[in-house]
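Accompanying notes for the structure given below.
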Amino acid sequence: MRESVLLSELTTLRVGGPALVAECGTTDALIATVRALDAAGVRVLLLAGGSNLLIDDAGFDGVVVRVGNNGVRLLGDSVVAEAGANWDEVVSLTVDFGLGGLECLSGIPGSAGATPVQNVGAYGVEVATLLRQVQLLDRETGEVRWVEPAELGFGYRTSVLKHSDAAVVLAVEFALDPTGLSAPLRYGELAKALGAGDGETRPAAAVRAEVLRLRAGKGMVLDPADHDTWSAGSFFTNPVVPEDRLPQVLAAIADHVGADVRVPTYPAPDGTKLSAGWLIERAGFAKGFPGADAAARLSTKHTLALTNRGSARAADIVALARTVRAGVRERFGVILEPEPVTVGVTL
Ligand code: EPU
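Per the working numbering: the sequence shown = residues -10 to 336.
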């Protein structure tokens, strides 16, 4: 157990105060540690890649369990990764070995075990569509078992595992395409860059290279030397507006930005999805808001990433998030929900 570890050193936003940290380098250690802490009634915070966490400056009053089991096994048509495996290394390995499927999810920071928790998605692919099974530790019963995707209640950036302490992800298995072709290309910007029509496939390696290029252009590939990438990725989810509220929201947008401006909308299962980045920008928060001297500012490449310019504390990130959220709510009547898990802070 390590004492007084600054959690800012373990998160990609690089904020968060001190805590006790238990390092778990194997699946057995992870299971034993969580079982023991649960039995003792100690609060537990699971931390792997730290790329989707906003932790308070006061730190965490309990034990931070570091998910460090990182074995990866390639099978003929799937990959099994332990929860702490670096996600992009898993993707890269599958592509190098001629297995297609995960290439659109290239360059995403964080660990393999975190991907099912919020059904990570990018460039037209969500992990839920490729997952074969997830190995879980049930914290109520202490039991370990593999579960199928149907049990996990996947939706846009969510699952039954999100905002729940009921289970710990120990490992994940993804079904892959042994022909080495990508998943069908569904994201306009990506398909266009690859000269592909909607739903066509391309070699996984070519798709991975293009996704990495697109992400880097948006500041969404971590680079320790570049403060524009010190973020938790998208800070807000794209809001889904129910059909009965949509006319009102579109009218408020037209009032504010002009009736001739085309609003990006995407059909969603329970309404219409709007683009949070677009709304933020049209509400008056330009890329780089509020300016070069601020400790926390919007990325200069993408309004949806809140970034730490080096000296920001959690309080600075929270203040910026509140300002942006209030502005979008006031102008358009849309409430943006944070995507990262918040610990000790509320917006
Ligand atoms: N836009 C702006 N200003 C900006 C950025 C974007 O107006 O500064 C508008 C543009 O109209 C653009 C649209 O927003 O066409 C969509 O932008 P983008 O293609 O970057 O996608 P996104 O909806 O902002 C989502 C995911 C990303 C994922 C990309 C690509 C969410 C919350 N975010 O972003 O995921 O990489 O699509 O698929 O769903 C993450 O979850 O952390 C994440 C980075």
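Think of the CB as a built atom: it goes at the ideal place given N, C-alpha and C, for glycine as much as any other residue.
(message) Residues in the same chain with beta-carbon distance under 6 Å from I324, minus the five sequence neighbours each way, listed in chain order, please.
(response) If you number the sequence shown from 1, residue 324 lands on position 335. Around I324: R318.
(request) Confirm the yes/no value for this check: CB of T292, any heavy atom of the ligand ATP, distance under 7 Å. (result) As presented, the structure is devoid of the ligand ATP, carrying the ligand EPU as its sole ligands.
(message) Let me check understanding here. Comparing Cα to Cα, which of G90, C13 and L(-5) lies closest to D50?
(response) As a first step, residue 50 is located in the sequence shown; it is residue number 61 there, counting from the start. Relative to the Cα of D50, the nearest Cα in the group G90, C13 and L(-5) belongs to L(-5).
(request) With T254 as the anchor, note down where its beta strand (DSSP E) starts and where it stops. (result) In the sequence shown, the residue the question calls residue 254 occupies position 265. Here the beta strand (DSSP E) through T254 covers T254 to A257.
(request) Please report how far the alpha carbon of A70 lies from the alpha carbon of T289, in whole angstroms. (result) Here residue 70 corresponds to residue number 81 of the sequence shown, with the count starting at 1. Here residue 289 corresponds to residue number 300 of the sequence shown, with the count starting at 1. When rounded, the distance between both Cα atoms is 34 Å.
(message) Just to confirm before moving on: does the CB-CB distance between L125 and V79 stay below 8 Å?
(response) Position 136 of the sequence shown, counted from the start, is the residue given in the question as residue 125. Position 90 of the sequence shown, counted from the start, is the residue given in the question as residue 79. No, the pair does not count as a contact, with Cβ atoms beyond the cut-off.
(message) Since V4 and R298 should fall inside the 8 Å C-beta cutoff, what is the C-beta to C-beta distance between them, to a whole number of angstroms?
(response) On the sequence shown, position 15 is the one that residue 4 refers to. On the sequence shown, position 309 is the one that residue 298 refers to. Not quite, the Cβ-Cβ distance comes to about 12 Å (not below 8 Å), so this is no contact.
(message) Is the separation between the beta-carbon of A74 and that of A101 shorter than 8 Å?
(response) Here residue 74 refers to the residue found at position 85 when the sequence shown is read from its first residue. Here residue 101 refers to the residue found at position 112 when the sequence shown is read from its first residue. Yes, these two residues count as a Cβ contact at 8 Å.
(message) Quick check: does the Cβ of G0 come within less than 7 Å of any heavy atom belonging to the ligand EPU?
(response) Translated into positions along the sequence shown, residue 0 becomes position 11. The amino acid occupying residue 0 in the given sequence is Thr; Gly does not appear at that position. T0: no, Cβ never under 7 Å from the ligand EPU.
(request) Examine the ligand EPU and report whether any of its heavy atoms sits within less than 7 Å of the Cβ of R320. (result) As a first step, residue 320 is located in the sequence shown; it is residue number 331 there, counting from the start. For the ligand EPU, not one heavy atom lies less than 7 Å from the Cβ of R320.
(request) Quickly, what does DSSP pair C13 with across the bridge? List them, please. (result) Walking along the sequence shown from the start, residue 13 turns up at place 24. Per DSSP, V56.
(request) Please name the residue or residues paired with F163 in a DSSP beta bridge. (result) Stepping through the sequence shown from its first residue, residue 163 is reached at position 174. F163 pairs with V68 and L120.
(request) Label M(-10) either buried or exposed according to how many other C-beta atoms from any shown protein chain fall within 10 Å of its C-beta, with 16 as the threshold for buried. (result) Numbered from its first residue, the sequence shown carries residue -10 at position 1. By the neighbour-count criterion, in which a residue is buried when 16 or more other Cβ atoms sit within 10 angstroms of its Cβ, M(-10) is exposed.
(request) Report the three-state DSSP secondary structure of F143 (helix, strand or coil). (result) Position 154 of the sequence shown, counted from the first residue, corresponds to residue 143. F143 falls in the coil class under three-state DSSP.
(request) Tell me L170's beta-bridge partners as DSSP assigns them. (result) Along the sequence shown, read from residue 1 onward, the residue named residue 170 stands at position 181. Bridge partners of L170: P192.
(request) Along the alpha helix (DSSP H) that carries G99, what are the first and last residues, could you check? (result) Residue 99 sits at position 110 when you count from the first residue of the sequence shown. Counting along the chain, G99 falls outside any alpha helix (DSSP H), and DSSP gives it neither H nor E.
(request) Could you check what DSSP says for D233 in three-state terms: helix, strand or coil? (result) In the sequence shown, counting from the first residue as 1, residue 233 sits at position 244. In this structure, D233 counts as coil in the three-state DSSP scheme.
(message) Within a Cβ cutoff of 8 Å, which residues of the same chain sit near G208, ignoring the five residues on either side of it in sequence?
(response) Counting from one through the sequence shown, the residue named residue 208 turns up at place 219. Answer for G208: D215, D217, T218, S220, S288, T289, K290, H291, A294 and T296, listed in chain order.
(request) With DSSP collapsed to three states, give me the class of L336. (result) As a position in the sequence shown, residue 336 is number 347, starting the count at 1. Looking at L336 - three-state DSSP - the assignment turns out to be coil, as it is neither helix nor strand.
(request) Please specify which runs of the beta strand (DSSP E), each continuous and at least 3 residues long, are wholly inside the region 237 to 308, giving them in chain order. (result) 254 to 257, 260 to 263, 285 to 287 and 295 to 297
(message) Spatial neighbours of D46 within its chain, please: C-beta separation below 8 Å, excluding the five flanking residues on both sides.
(response) The residue labelled residue 46 in the question sits at position 57 within the sequence shown. Within the same chain, D46 has close Cβ partners V4, G5, G6, R302, A303 and A304.
(message) So the candidates are S148, E137 and L159; which of them puts its Cα closest to the Cα of G131?
(response) Counting from 1 along the sequence shown, the entry for residue 131 is found at position 142. Nearest option by C-alpha distance: L159.
(request) Flag N297 as yes when its Cβ comes closer than 7 Å to any non-hydrogen atom of the ligand EPU, and as no otherwise. (result) Looking up residue 297 in the sequence shown gives position 308. Every heavy atom of the ligand EPU is 7 Å or more from the Cβ of N297, so no.
(request) Taking C93 as the reference, give the member of A265, N59 and A193 with the closest Cα. (result) Within the sequence shown, numbered from 1, the residue matching residue 93 stands at position 104. Of the candidates A265, N59 and A193, the one whose C-alpha sits nearest the C-alpha of C93 is A193.
(message) Would you say the beta carbon of E326 is closer than 7 Å to some non-hydrogen atom of the ligand EPU?
(response) By 1-based counting over the sequence shown, the position of residue 326 is 337. No.
(request) Following the continuous beta strand (DSSP E) through W76, name the residue where it begins and the one where it ends. (result) Counted from its first residue, the sequence shown places residue 76 at position 87. Taken as a continuous stretch (DSSP letters only), W76 belongs to no beta strand (DSSP E), being part of the alpha helix (DSSP H) at W76 to D85.
(request) Hey, could you find the ends of the alpha helix (DSSP H) E132 is sitting in? (result) As a first step, residue 132 is located in the sequence shown; it is residue number 143 there, counting from the start. It is not in any alpha helix (DSSP H) - E132 carries neither H nor E in the DSSP assignment.
(request) Pick out whichever of A72, I97 and G144 has its Cα sitting closest to the Cα of Q107. (result) As a first step, residue 107 must be located in the sequence shown, where it is residue number 118. The option with the nearest alpha carbon to Q107 is G144.
(message) E115 and A225 - do their beta-carbons sit closer together than 8 Å?
(response) In the sequence shown, the residue the question calls residue 225 occupies position 236. In the sequence shown, the residue the question calls residue 115 occupies position 126. It should be pointed out that residue 225 corresponds to Phe in this sequence rather than to Ala. Contact: no.
(message) If you follow the alpha helix (DSSP H) that L179 is in, where does it begin and where does it stop?
(response) Numbered from its first residue, the sequence shown carries residue 179 at position 190. It spans G177 to A182 - the alpha helix (DSSP H) in which L179 sits, taken as one unbroken run.
(message) So L63 and F86 are supposed to be a Cβ contact under 8 Å. How far apart are they, rounded?
(response) Your numbering for residue 63 matches position 74 in the sequence shown. Your numbering for residue 86 matches position 97 in the sequence shown. Confirmed, about 6 Å.
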